[in-house]
Amino acid sequence: MCVHDQVISSRILFPLLILMIPIHVLADVSLPVILRDSMILQRNAESRIWGWAETGELVTVDFNGQTQKTKATETGTWSVTFDPMQAGGPYSMAIKGQNTITLKDILIGDVWFCSGQSNMVHQMRHHDVTYARDIAEANNPQIRQFLIPTMTALAGPKDDFPDISWKTANPDDAQYFSAVAYFFAQKIHARYGVPIGIINASVGGTPIEAWTRADGFDDFPTIQETIEKNRDTSYVNSTNRAAREFRRQNQVPENDKGLIGEVKWYDENYIPKNWRNINIPGYWEDQGAKDLNGVVWYRKQIEIPASMVAQPATVFLGRIVDADQLYINGTLVGQTTYQYPQRKYPVPEDLLKAGKNMFVIRVTNRFNKGGFVPDKPYFIFTENDTVDLKGYWKYKVGDVYKPFEGERVSGISAQNQPTSLYNAMVSPATPFKIKGFLWYQGESNAGRPETYQQLQRGLIKNWRKIWGQGELPFLYVQLPNFLDVDYLPSESNWALMREAQMLALQEPNTGMAVAIDLGEWNDIHPDNKKDVGERLAENAFRVAYGETIVGSGPIFRSASVYDDKIVVEFDFVGQGLKSLDGEALSEFAIAGEDKRFVWAVAKIVNDKVEVRSDEIKNPKYVRYAWANNPDNPNLGNSAGIPASPFRTDQ
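To convert, note that position 44 of the sequence shown is 153 in my numbering; the numbers rise steadily by one, no gaps.
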């Protein structure tokens with residue numbers, strides 16, 4: 110037989126061999142990724158198990174003394190439902206068709222779907238100094254997380270995730286748990302002793318619109334139009350091509366004066382000339398470098414004691430706007446490409462030397478102020494020694510970026526588009542029974558607060574409809590204090606956002622964790638995640654578990670005018686209102702018909718707050734903590750939880 114005949118023969122024979130292979134090899138029973146070893150199923154609820162198989166294939170599922178059978182549909186899908194079970198485990202589950210799948214180490218407890226943007230994303234490891242002990246002591250196999258990676262889908266909902274595993278709370282895996290969700294789960298587990306599962310679907314910098322299914326925008330025709338346009342691949346591709354061309358025309362040079370010379374500015378042999386003084390921390394625009402977008406180099410010789418040499422060391426550089434590279438003795442130690450992460454760079458053990466060490470930092474900034482954010486840690490430390498890095502350094506400008514030419518062209522960032530994250534990161538989990546939702550989001554919508562109430566209430570209704578478990582508990586975090594402290598009554602988008610979030614409490618079975626005292630003026634990612642998680646848990650005790658407790662900070666109920674004062678009443682007073690710091694109540698402002706607010710005197714009388722000012726004889730409106738970052742909002746209740754900001758002049 111010639112080679113040509115052999116080729117023809119093989120082409121005929123190969124399909125015949127395929128047909129001879131048993132059909133179950135081609136269409137094994139399979140499961141979605143979320144149903145796998147070590148998962149936690151929702152107690153006291155019907156548990157749905159689903160997957161795929163050959164049309165008509167008999168599928169049998171055995172679990173915890175129950176057996177359920179079904180046949181795969183014409184579309185190759187199947188599902189069975191188990192009767193409600195009490196908390197317990199570990200159990201095994203057998204799924205049998207033409208093949209058999211065995212799942213092990215399954216627990217039954219409470220499962221919470223946790224979502225939102227960066228403050229829900231932030232993992233324990235992002236706060237490893239603050240929570241080092243919590244990470245080291247994490248040893249609870251009954252707390253588990255299913256961490257969904259960032260994915261988008263513009264065309265429509267997906268039915269499965271990529272390969273992911275359920276992880277238990279141990280020192281290695283707990284560092285990847287959402288910090289807010291971990292402390293929430295820890296407090297719930299400590300109270301009820303049942304397994305707690307966390308399904309974590311969250312992405313930094315994303316708007317609420319990205320997390321909502323398309324039918325949640327029935328009252329937003331403009332968003333519906335965007336969804337339809339984004340389904341057109343050619344439209345998306347052409348828009349992104351135009352954005353790439355704009356960036357190409359306005360691209361930032363890779364090099365600058367400090368990198369193109371024969372001796373680089375980070376080199377130990379470089380001899381600086383005409384460098385100026387500047388302080389770290391601080392922005393260069395506040396220190397004589399007006400309206401500068403570009404590259405600025407910082408240099409300083411740091412005295413390192415002999416005891417720190419040949420020891421594991423870490424450099425903390427707070428936060429830098431926007432990007433940075435750190436060199437020590439001419440060696441690149443670490444770099445970060447954007448402004449939000451706190452800088453923590455490990456130093457090679459053989460790099461430091463006793464005496465003078467040259468530290469060089471290259472900072473790149475394209476928008477607004479550049480430099481080092483104040484009130485953050487700036488030091489190098491080993492186990493027993495710390496050297497402060499704050500103070501005067503030398504600086505020199507490496508490059509000045511020209512302003513953008515022409516009208517700015519933005520591309521389509523899939524993760525910021527309506528429905529995109531719902532389709533990829535929420536939809537595949539919706540058949541999975543849960544106890545409720547945790548939601549921490551709003552920063553990306555703070556520039557558009559006027560629509561947020563409708564969008565959040567729409568999301569709540571949308572998700573409850575999709576899960577089909579009735580009015581599932583929906584617990585969320587109100588935005589914390591942020592940006593410059595306001596010492597005069599002022600207007601505020603962040604206050605408007607908090608108001609919109611508070612008004613979502615009109616939806617049944619909701620709870621809001623007030624965080625007006627937990628933020629940081631210069632960090633959109635405040636370090637204190639434990640109190641946030643535990644305040645969510647307090648809400649859960651009341652909303653999800655039916656306990657008769659306060660569970661929340663005081664929430665505005667009503668305001669009445671009596672002569673020259675306004676009397677304010679609150680819900681969630683508990684055993685009484687109080688000043689959380691023992692000082693006079695602050696952050697109350699009052700106004701007449703003209704809405705010109707002035708600071709007022711406020712005092713607690715019979716668990717109400719009386720507010721007045723000598724400047725306003727005929728008061729009509731009152732506000733509390735109405736600012737981006739109110740100075741000292743100290744009204745709280747007997748549970749020690751702060752009151753939510755509010756106003757009466759909507």
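Glycine included, every Cβ here is placed at the ideal spot set by N, Cα and C.
Owing to the predicted nature of the structure, the values given are computational and were not obtained by experimental measurement.
Inset, instruction - Can you tell me which of the three DSSP states Gln444 falls into? - result: On the sequence shown, residue 444 is found 335 positions in, with the first residue counted as 1. In the structure shown, the three-state DSSP call for Gln444 is strand.
Legend entry - Three-state secondary structure (DSSP) of Gly325: Position 216 of the sequence shown, counted from the start, is the residue given in the question as residue 325. Helix, per DSSP.
Inset, instruction - Assign Glu763 to one of three DSSP states: helix, strand, or coil. - result: With the chain covering only 110 through 759, there is no way to say anything about residue 763.
Inset, instruction - Give, in chain order, every unbroken run of the beta strand (DSSP E) that is at least 3 residues long and sits entirely within the region 299-362. - result: DSSP runs (the beta strand (DSSP E)) wholly in the region 299-362: 305-311.
Legend entry - Counterpart residues of Ala711 in DSSP-defined beta bridges: Translated into the one-based positions of the sequence shown, residue 711 becomes position 602. DSSP lists Leu694 and Val720 as the bridge partner or partners of Ala711.
Inset, instruction - For the alpha helix (DSSP H) containing Ser227, list its first residue and its last residue. - result: The residue given as residue 227 occupies position 118 in the sequence shown. First-last of the alpha helix (DSSP H) with Ser227: Ser227 to Val230.
Legend entry - Local conformation of Gly642 per DSSP, three classes: Counted from its first residue, the sequence shown places residue 642 at position 533. Gly642 falls in the helix class under three-state DSSP.
Inset, instruction - Use the C-beta contact count for Arg607: other C-beta atoms within 10 angstroms, 16 or more gives buried, fewer gives exposed. - result: For the purposes of this step, residue 607 is taken as residue 498 along the sequence shown, with counting starting at 1. Arg607 is buried by the Cβ-count criterion.
Legend entry - Reference Phe270, options Asp192, Pro540 and Pro362, closest by Cα: Reading the sequence shown from its first residue, position 161 is the one you call residue 270. Residue Pro540 is the option with its Cα nearest to Phe270.
Inset, instruction - Quick one: grab the DSSP three-state call for Glu629. - result: Sequence index remark: in the sequence shown, residue 629 carries index 520 (1-based). Three-state DSSP puts Glu629 in a strand.
Inset, instruction - Report the rounded CA-to-CA distance for Pro131 versus Glu163, giving the unit in angstroms. - result: Locating residue 131 in the sequence shown gives position 22, where the first residue counts as 1. Locating residue 163 in the sequence shown gives position 54, where the first residue counts as 1. Low confidence applies to Pro131: its pLDDT is 37, below 50, so where it sits in the model is not reliable, and the reading given next is rough at best. Here the alpha carbons of Glu163 and Pro131 stand approximately 12 Å from one another.
Legend entry - Cβ-Cβ distance between Ala432 and Lys267 below 7 Å: Translated into the one-based positions of the sequence shown, residue 432 becomes position 323. Translated into the one-based positions of the sequence shown, residue 267 becomes position 158. For Ala432 and Lys267, no; Cβs fall outside 7 Å.
Legend entry - Limits of the unbroken beta strand (DSSP E) element including Met260: Residue numbering aside, residue 260 sits at position 151 when the sequence shown is read from its first letter. No beta strand (DSSP E) holds Met260; DSSP gives it neither H nor E.
Legend entry - C-beta contact flag for Val430 and Gly313 at 7 Å: For the purposes of this step, residue 430 is identified with residue 321 of the sequence shown, where counting begins at 1. For the purposes of this step, residue 313 is identified with residue 204 of the sequence shown, where counting begins at 1. Val430 places its beta carbon 7 Å or farther from that of Gly313.
Legend entry - Leu530 versus Arg573 - alpha carbon distance: One-based indexing of the sequence shown puts residue 530 at position 421. One-based indexing of the sequence shown puts residue 573 at position 464. Roughly 17 Å separates the two Cα atoms.
Inset, instruction - Go ahead and pull the three-state DSSP assignment for Glu678. - result: Indexing the sequence shown from 1 puts residue 678 at position 569. DSSP places Glu678 in strand when its eight states are reduced to three.
Inset, instruction - Return the CA-CA distance between Pro814 and Lys296, expressed in angstroms with no decimal places. - result: Not covered by the structure: residue 814. The range shown for the chain is 110 to 759.
Legend entry - Segments of 4+ residues assigned as alpha helix (DSSP H) that fall wholly inside the region 361-411: Listed in chain order, they are 366-369.
Legend entry - Reduced DSSP category for Val509 - H, G, I as helix; E, B as strand; rest coil: Along the sequence shown, one-based indexing puts residue 509 at 400. Val509: strand per DSSP, three-state reduction.
Inset, instruction - Check whether the Cβ atoms of Phe292 and Lys639 lie closer than 7 Å to each other. - result: Looking up residue 292 in the sequence shown gives position 183. Looking up residue 639 in the sequence shown gives position 530. Taking 7 Å as the cut-off, the Cβ atoms of Phe292 and Lys639 count as close.
Legend entry - Secondary structure, alpha helix (DSSP H): runs of 4+ residues fully inside the region 159-221: Fully enclosed alpha helix (DSSP H) runs of 4 or longer: not present.
Legend entry - Ser290 (DSSP reduced to helix, strand or coil): Taking the first residue of the sequence shown as 1, we reach residue 290 at position 181. According to the sequence as given, residue 290 is Ala; it is not Ser. Residue state, collapsed to three classes: helix.
Legend entry - Beta-carbon proximity list for Leu135, same chain, < 7 Å, skipping 5 on both sides: Residue mapping note: residue 135 aligns to position 26 of the sequence shown, counting from 1. Its pLDDT being 46, under 50, Leu135 is placed unreliably in this model, and the coordinates cannot settle the point.
Inset, instruction - State yes or no: is the beta carbon of Gly314 nearer than 7 Å to at least one beta carbon in chain D? - result: The structure shown contains no chain D; it holds only a single protein chain.
Inset, instruction - Give every residue of the same chain whose Cβ lies closer than 6 Å to the Cβ of Asp171, excluding the five residues on either side of it in the sequence, and list them in chain order. - result: Taking the first residue of the sequence shown as 1, we reach residue 171 at position 62. Cβ contact annotation for Asp171 (same chain, cutoff 6 Å, sequence separation greater than five): Ala203, in chain order.
Inset, instruction - Quick one: grab the DSSP three-state call for Trp603. - result: By 1-based counting over the sequence shown, the position of residue 603 is 494. Trp603 sits in a helix when the DSSP states are folded into three classes.
Inset, instruction - Please look up how many angstroms separate the CB atoms of Val138 and Ile273, rounded, as I've assumed it's under 8 Å. - result: Along the sequence shown, read from residue 1 onward, the residue named residue 138 stands at position 29. Along the sequence shown, read from residue 1 onward, the residue named residue 273 stands at position 164. The pair is not a contact, with the Cβ atoms about 20 Å apart (cut-off 8 Å).
Inset, instruction - Could you check what DSSP says for Asp484 in three-state terms: helix, strand or coil? - result: Position 375 of the sequence shown, counted from the start, is the residue given in the question as residue 484. Note: Asp484 maps to coil in three-state DSSP.
Legend entry - Nearest to Asp703 (by Cα), restricted to the options Ile725, Gly165 and Ile158: As a first step, residue 703 must be located in the sequence shown, where it is residue number 594. Closest option to Asp703, Cα to Cα, is Ile725.
Legend entry - Gly567, DSSP secondary structure in three states: In the sequence shown, the residue the question calls residue 567 occupies position 458. DSSP, reduced to helix, strand and coil, places Gly567 within a helical segment of the structure shown.
Inset, instruction - Check whether the region 728-746 touches the region 660-668, taking contact to mean three or more Cβ pairs, one atom from each stretch, closer than 8 Å. - result: A contact exists between the region 728-746 and the region 660-668.
Legend entry - Cβ-based neighbour list, Gln684, same chain, cut-off 7 Å, excluding 5 preceding and 5 following: As a first step, residue 684 is located in the sequence shown; it is residue number 575 there, counting from the start. Excluding sequence neighbours, Gln684 sits near Ser747.
Inset, instruction - Could you check the C-alpha separation between Met194 and Ala264 for me, to the nearest Å? - result: Here the question's residue 194 lines up with position 85 in the sequence shown. Here the question's residue 264 lines up with position 155 in the sequence shown. For the pair Met194 and Ala264, the Cα-to-Cα distance works out to about 37 Å.
Legend entry - Euclidean distance between Cα positions of Ile332 and Asp740: Working through the sequence shown from its first residue, we reach residue 332 at position 223. Working through the sequence shown from its first residue, we reach residue 740 at position 631. One C-alpha to the other measures close to 37 Å.
Inset, instruction - Flag this pair as yes or no: are the beta carbons of Val189 and Thr176 separated by less than 7 Å? - result: As a first step, residue 189 must be located in the sequence shown, where it is residue number 80. As a first step, residue 176 must be located in the sequence shown, where it is residue number 67. Thr176 sits away from Val189, with the two beta carbons spaced by 7 Å or more.
Inset, instruction - Could you spell out where the alpha helix (DSSP H) holding Arg242 opens and where it closes? - result: Here residue 242 refers to the residue found at position 133 of the sequence shown. Looking at the DSSP string, the run of the alpha helix (DSSP H) that includes Arg242 is Ala241 to Ala245.
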